[in-house]
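All remarks here apply to the structure that follows.
Chains as they are written, first to last, in our numbering: chain Z, 1 to 354; chain Y, 1001 to 1748.
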């Protein structure tokens, strides 16, 4: 699936296959796009995120059973992030759930829509209506310390200070859109779900106030604040606790698909834990061994070069008792140090919305 | 439609910068503030030292005759109340048509330092000054004073009163000071609203405005000082203590107030801001100004007088309403003193440091409170007497019941318990098995809020109501409680006693009486007009009155009334409460929340709802001879059933005797025999039981009744299945010694 904005993106845009989607990895230089995101405001083409609507009388019951967090009272002015698990507790996807008056709208993570849709359909015991809205709706996002200013210039300054995970239906350019305060990178973040036919116009207008950033810059900025990126982190066999995504499940709920497995993993106390590390210039491959005092204690999950740190930044999954900040490990023969998250301090934290 | 103009004819005030309106105004225009280090040495434990205190000699001097034995709160209130009546030149008012609406944020101590009922201060003022008309204690925290002025106008428009004294009072209390200090909300020096915004100062005081219809004021030769052109209430539905940062709630209150007044933003000449000086408040208010006034925002002067008097909490709205009336009279905007000289000049005009003469015909006075309650008042220069329309009648029905009591949770369980004759006096409701709010909120809620939210959601579900988001923005909520959360109040007081610098801040945010109402709004996403009524066991019927007024005035089609109170007494095992029985005089305190949904009949019909009952009338009496006088308020009532206020106390004797004598065809019952005395919730339960009797033909039975105080056992409901359909049912509520209410329900 290609993004609907593909024909607007500049020549030379580098696309990559992420799951079921072809998404812009970078429009020019990732380092520049990263700087725009961290220092000003970036506009993001989230065309790889699938929108799936669940409606029907049992929509909320179904969503409550399929999502790992509590969405029973998710009103049409709230959204929240949740994992979707299978029976064995494996991550199917990490979704943004929007309460709607007639049900719930799920936004998949990048490229994971097909798998999510199949999973939902397989579990549809309640007979809800599951509709893939990706043909008629598209997601654009803004991230950055001055993204709130772009919201003001683009849509309505009043919306910029919406509380985190608030949603409003509003009008832009005569078109009904869903506007949400979200954020994946620690910076001010907003999403706009717009009819596909209006997406190009909104993208072009946004570019007048913000710079485009691709998936590489976005994922780097997410990693720097330990925002989970399921396609890198939800490796086969890893439990939610090993991934460190406990906050995206709510075991106080009586029932949801995967709950028993999460509880069992928690109660067993077994398995590894994920911790951030930095060190060296080389980028280790996923699966590279992590050694402590010569002993194999785990493996690298995902690593990149962090523009914010000016060094390699990665996640390692290691023995639970060693998943702590400030320890020295060896990866591919290079000394690395474990970190406490966030690994950089987002500029937005010191910039008020005015 | 132009409703009867209501004017202010008298002002009274005592606060840190004046012991009467003249002195208060002189200090305002000269920019002379009154924030000083707290004299009470107990406050030395706090880093923040400044507050707006009333000198003791002003209080002693203001009450040379009648103050003996009264607590400080009552004395402050009495001084200001007398001034307002005196300035208005009011003499010979009919006591039955002379009302009082008092705003108050805190439960205040009596002269011996013990907590007393929220409405006690109001009773003292009313009884001493001869008011036996409408009596309402409104406790929307820091918005209460402004809210009181609006409710007073309503009481005149409904025709229940000729004159209403409206105002607010709060003293400076150590615990409250500790709570604000714990929230890091206090400025260490005098506060500087809209510039440095590093925190607030607390203050104390009382202020009253005397309201009456313009035509009556002119007829008796009084001078109208200002018209109360309109008011607007709203709920943020956002957070317990923080304002909605978008300013939506505040903006909506201003817009509703202007709509109520029939005015536009272009008419507004000055805005009296809330201006506490906290960063969250000041930033939100600036947004409200920009959102409401748009391009014109910078040309509408707005100032805060809190840097003169401190934040007087429940009195603040009334203090600022008095200042606003004086601003109109003198054509002068009081300044925001303490405005930092080095503040970055913004786009708004905060009238920094120096009062400004300017033509003002319309003032908007805003207040924002914990619980996300907002109020805006619109005051205008008085115009000439003119033709007016009566407030239209609007049929209202009760369409959903949500009892959460020891008897059961939800009307289904409760109805079954009634039919099977179950008794649960003093037993706490069970909320096991279902969370009624998102777990992230539910976890942090106290028991009172959980009960109230459960009751609200159950009533909503019982009504079968489904509304789109936009309509939820106009659904009203009236919360009724005698004493609020005993759990949070107790927990907070204990924490202060242990260490005043380590208050239980989460409990503190729930000590304000409207916190639970705010939590209901937040959970259900209701942003319509909202208020909180604290008149003991009569709170629910007064709350119903407020709901009916919202519907009549076209401010809401749907209003949720929810009443909740709790006891921290240990549950009694098999307590038997037998109201109206001379052998078992004694009651058991209980905990409950009961909600009912009030809808305009037209709205209910349009959506195909199935009402329980129609509200045929309501009435309240205060002062003395309450039972007889409250029945007189509904002269046409011919009920077959009376759900009385009896709780097993000696007062039951008078109630049963008067009711059975006045309504010989009716049988009497009450819910307190089954649940114990749950204060405001018992009043709401009685209303719910009458509605249930009308639609479903069942009522709580007084199965243990053998020797009634009055009449025969046959004069009472002794079997839950009623033999004949009920065409009319009368409900009685009571705050003993203060107010009694009557609600007449009929088959829809």
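No residue lacks a Cβ here, since even glycine has one placed at the ideal position from N, Cα and C.
Buried/exposed call for residue i, threshold 16 Cβ in 10 Å
| i | result |
| --- | --- |
| residue 1026 of chain Y | exposed |
| residue 164 of chain Z | exposed |
| residue 1087 of chain Y | buried |
| residue 12 of chain Z | exposed |
| residue 1096 of chain Y | buried |
| residue 1674 of chain Y | buried |
| residue 295 of chain Z | exposed |
| residue 135 of chain Z | exposed |
| residue 263 of chain Z | exposed |
| residue 281 of chain Z | exposed |
| residue 1686 of chain Y | buried |
| residue 1466 of chain Y | exposed |
| residue 148 of chain Z | buried |
| residue 67 of chain Z | buried |
| residue 269 of chain Z | exposed |
Under the three-state DSSP convention, the category residue i falls into
| i | result |
| --- | --- |
| residue 189 of chain Z | strand |
| residue 1282 of chain Y | helix |
| residue 1728 of chain Y | strand |
| residue 15 of chain Z | strand |
| residue 1711 of chain Y | coil |
| residue 35 of chain Z | helix |
| residue 1514 of chain Y | coil |
| residue 295 of chain Z | strand |
| residue 283 of chain Z | coil |
| residue 1240 of chain Y | coil |
| residue 1642 of chain Y | strand |
| residue 271 of chain Z | coil |
| residue 1616 of chain Y | strand |
| residue 1036 of chain Y | strand |
| residue 1403 of chain Y | strand |
| residue 1367 of chain Y | strand |
| residue 1721 of chain Y | strand |
| residue 1128 of chain Y | helix |
| residue 1671 of chain Y | coil |
| residue 317 of chain Z | strand |
| residue 1412 of chain Y | helix |
| residue 1447 of chain Y | helix |
Opposing strand residues paired with residue i [DSSP bridges]
| i | result |
| --- | --- |
| residue 1147 of chain Y | Paired residue(s): none; residue 1147 of chain Y is not in a bridge. |
| residue 1380 of chain Y | Y/1227 and Y/1362 |
| residue 1213 of chain Y | Y/1006 |
| residue 1570 of chain Y | DSSP lists no partner for residue 1570 of chain Y. |
| residue 1677 of chain Y | Y/1589 |
| residue 94 of chain Z | Z/83 |
| residue 1599 of chain Y | Y/1397 and Y/1558 |
| residue 1352 of chain Y | Y/1336 |
| residue 349 of chain Z | In the DSSP output, where bridge partners are listed per residue, residue 349 of chain Z has none listed. |
Test: residue i CB closer than 7 Å to a CB of chain A
| i | result |
| --- | --- |
| residue 1475 of chain Y | The structure shown contains no chain A; its protein chains are Z and Y. |
*Chain-ordered residues of the stretch 247-266 of chain Z with a beta carbon less than 8 Å from chain Y*: 250, 252 and 253
_Along the stretch 38-71 of chain Z, where does the CB come closer than 7 Å to a CB of chain Y? Name the residues._
70
_Taking beta-carbon pairs under 8 Å, can you tell me which members of the stretch 161-175 of chain Z lie near chain Y?_
161, 162, 163 and 169
*Determine which residues of the stretch 1457-1468 of chain Y have a Cβ less than 7 Å from any Cβ of chain Z, and write them out in chain order.*
1468
*Taking only beta carbons into account, state which residues of the stretch 113-146 of chain Z come closer than 8 Å to chain Y, listed in chain order.*
none
*What residues in the stretch 1397-1431 of chain Y bring their beta carbon closer than 9 Å to a beta carbon of chain Z?*
none
_Short of 8 Å Cβ to Cβ, which residues in the stretch 75-103 of chain Z face chain Y?_
75, 76, 77 and 101
_When you compare the stretch 1547-1561 of chain Y with the stretch 1593-1602 of chain Y, are there three or more beta-carbon pairs, one atom per stretch, that lie closer than 8 Å?_
yes
*Please name the residues in the stretch 1287-1298 of chain Y whose beta-carbon is closer than 9 Å to at least one beta-carbon of chain Z, in chain order.*
1287, 1290 and 1291
*Using a Cβ-Cβ cut-off of less than 8 Å, give me the residues of the stretch 188-206 of chain Z that come near chain Y, in sequence order.*
none
*Per the contact definition of three or more C-beta pairs closer than 8 Å, is the stretch 124-133 of chain Z in contact with the stretch 283-297 of chain Z?*
no
*Taking a cut of 8 Å between CB atoms, which residues from the stretch 1244-1255 of chain Y lie near chain Z?*
1244, 1245, 1246, 1247 and 1248
*Can you find at least 3 beta carbon pairs, one from the stretch 1185-1201 of chain Y and one from the stretch 1217-1224 of chain Y, that sit closer than 8 Å?*
no
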